[in-house]
Amino acid sequence: MIDYKLHIPGPVDVSPQAYEAMSTRVMGHRSPDFVELYQSCQPQLQELFQTQDPVFLSTSSAWGVMEGAVRNLCAKKTLCCMCGAFSDKWLDVALRCGKEADGLEAEWGHHIDPQILDSKLATGEYDLVTLVHNETSCGMMNPLEDIMKVLAKYPDVISVIDTVSSFSVVPIPKDLWGIDVILTGSQKALALPPGLALLTVSERAFARAEKIDGRGYYFDFIEFLKNHEKGMTPSTPAIPQIHGLKYTLDKIFEEGVEARHNRHAKLNDMVHDWVEQKGFTLLPEKAFASKALTCVSNNLEMDVAGFVKALKNEKKLAIDGGYGKIKGKTFRISNMGNETEDTMTHLLQSMDEILPRFLPN
Ligand SMILES: *Cc1c(COP(=O)(O)O)cnc(C)c1O
1 MIDYKLHIPG
11 PVDVSPQAYE
21 AMSTRVMGHR
31 SPDFVELYQS
41 CQPQLQELFQ
51 TQDPVFLSTS
61 SAWGVMEGAV
71 RNLCAKKTLC
81 CMCGAFSDKW
91 LDVALRCGKE
101 ADGLEAEWGH
111 HIDPQILDSK
121 LATGEYDLVT
131 LVHNETSCGM
141 MNPLEDIMKV
151 LAKYPDVISV
161 IDTVSSFSVV
171 PIPKDLWGID
181 VILTGSQKAL
191 ALPPGLALLT
201 VSERAFARAE
211 KIDGRGYYFD
221 FIEFLKNHEK
231 GMTPSTPAIP
241 QIHGLKYTLD
251 KIFEEGVEAR
261 HNRHAKLNDM
271 VHDWVEQKGF
281 TLLPEKAFAS
291 KALTCVSNNL
301 EMDVAGFVKA
311 LKNEKKLAID
321 GGYGKIKGKT
331 FRISNMGNET
341 EDTMTHLLQS
351 MDEILPRFLP
361 N
């Protein structure tokens, strides 16, 4: 029995209404009913992705399409911008796909420097760049607009941007900034259960993919496009997740996209204020701190594991005790999805109540 609420940076808490939408009776994925559902999501998805390009639904976690993007788009060599756990792993994934790939490394919590990226691309070695917009592992958001200005100088380099934990949190004008591929997942700010990845692909990227062997089947962008034109997915999709997505899209546009962004910014500020009041610091550089979650440095030498456990057992709230090599040295609090001032106030007050027990005497 799960009797606690998630405030970890993914998966995040799912509303009873979204669960209810997901319990709609399943239909055939080649039926007119499915086509109607699929096509009804498109205009809202294109608006949310700020693009004219098609938006595909992949029954996989985000990593499926992160790997797929490399297999579809790298002919020469991939440059993986690395600044945290997810972006570091993308290099490993590219290499496992048998691609040539290098890393451009920044320290965890530091942003990718557009000038260094520029000098790397000037070598002419690369035809694909992978970038994680919001590094969830360290709560750092990269300066995407400035990075895209650099990429604009290199028309032969395709850009793949992971917005798994920033999508629908901050505006990301895909077409305006010239991003080729944006991908995200259902279980972060969209506040749906895991199981669906969403991605949008530019014409330039399709043209590249067409010429590449070894794209496979399940994540083949051309296969997605062919089916998309019929209002379908290549294979049987997670239909309940798509019902949940339709419900969520309606909710997002009911609230208003800008209001949603503002809500996330405000709730994130509340957490930052708490961090400062308690005498903690942020792990990322302050100017590049994420709006979706907060990664707190454990400068007060709190017993992170004990704190996280007590918060869950006594207050029925789950936060995260740090990812990978910064486990225990940091902890993370999500404000993504359906959170409100009330739910965040409740979380911060609950943390206040137990905090003194876990600080050194
Ligand atoms: C959660 C996350 C992923 C991985 O998503 P999966 O759905 O587990 O594949 C990738 N990138 C970022 C930035 C994430 O936050």
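With the numbering used here, letter number 71 in the sequence shown gets 71, and the count goes up by one each step, no holes.
No residue lacks a Cβ here, since even glycine has one placed at the ideal position from N, Cα and C.
Check: As assigned by DSSP and simplified to three states, the class of ASN299; Outcome: coil
Check: Of the residues SER31, PRO43, ASN361, the one placed nearest THR200, counting alpha carbons only; Outcome: PRO43
Check: Per-residue DSSP class, three states only, for GLY68; Outcome: helix
Check: Limits of the alpha helix (DSSP H) - the one that GLU203 falls within; Outcome: 203–210
Check: Span of the alpha helix (DSSP H) around CYS41; Outcome: 32–48
Check: Closer than 8 Å: VAL132 CB and nearest ligand 1 heavy atom; Outcome: yes
Check: Segment contact, 8 Å Cβ cut-off, at least three pairs: the stretch 217–227 with the stretch 98–118; Outcome: no
Check: PHE253 - DSSP class collapsed to helix/strand/coil; Outcome: helix
Check: Where GLN187 falls, given that 16 or more other Cβ within 10 Å makes a residue buried; Outcome: buried
Check: DSSP three-state assignment for LYS291, whether helix, strand or coil; Outcome: coil
Check: Segments of 4+ residues assigned as alpha helix (DSSP H) that fall wholly inside the stretch 61–143; Outcome: 62–73, 85–96, 114–121
Check: Backbone CA spacing between THR78 and LEU91 [nearest angstrom]; Outcome: 8 Å
Check: Residues that DSSP places opposite LYS5 in a beta bridge; Outcome: LEU317
Check: Backbone secondary structure at ARG332 - three-state DSSP; Outcome: strand
Check: Whole-Å CB distance - VAL160 paired with ALA259, under 8 Å assumed; Outcome: That pair is no contact at about 29 Å.
Check: When ASP156, CYS41, VAL157, THR163 are compared against GLU135, the one with the closest alpha-carbon; Outcome: THR163
Check: Rounded Cβ spacing between ILE158 and ASP175 (contact assumed at less than 8 Å); Outcome: Wrong, their Cβ atoms sit about 15 Å apart, outside the cutoff.
Check: Any non-hydrogen atom of ligand 1 closer than 8 Å to LYS291 Cβ; Outcome: no
Check: SER119 CB to nearest heavy atom of ligand 1 below 8 Å; Outcome: no
Check: Alpha-carbon spacing of MET336 relative to VAL93, whole angstroms; Outcome: 27 Å
Check: Helix, strand or coil at VAL157 according to DSSP, with G and I counted as helix; Outcome: coil
Check: Distance between beta carbons of MET82 and PHE106, contact taken as under 8 Å; Outcome: A small correction: the amino acid at residue 106 is Ala; Phe does not occupy that position in the sequence shown. Going by Cβ atoms, the distance from ALA106 to MET82 rounds to 7 Å, so yes, they are a contact pair.
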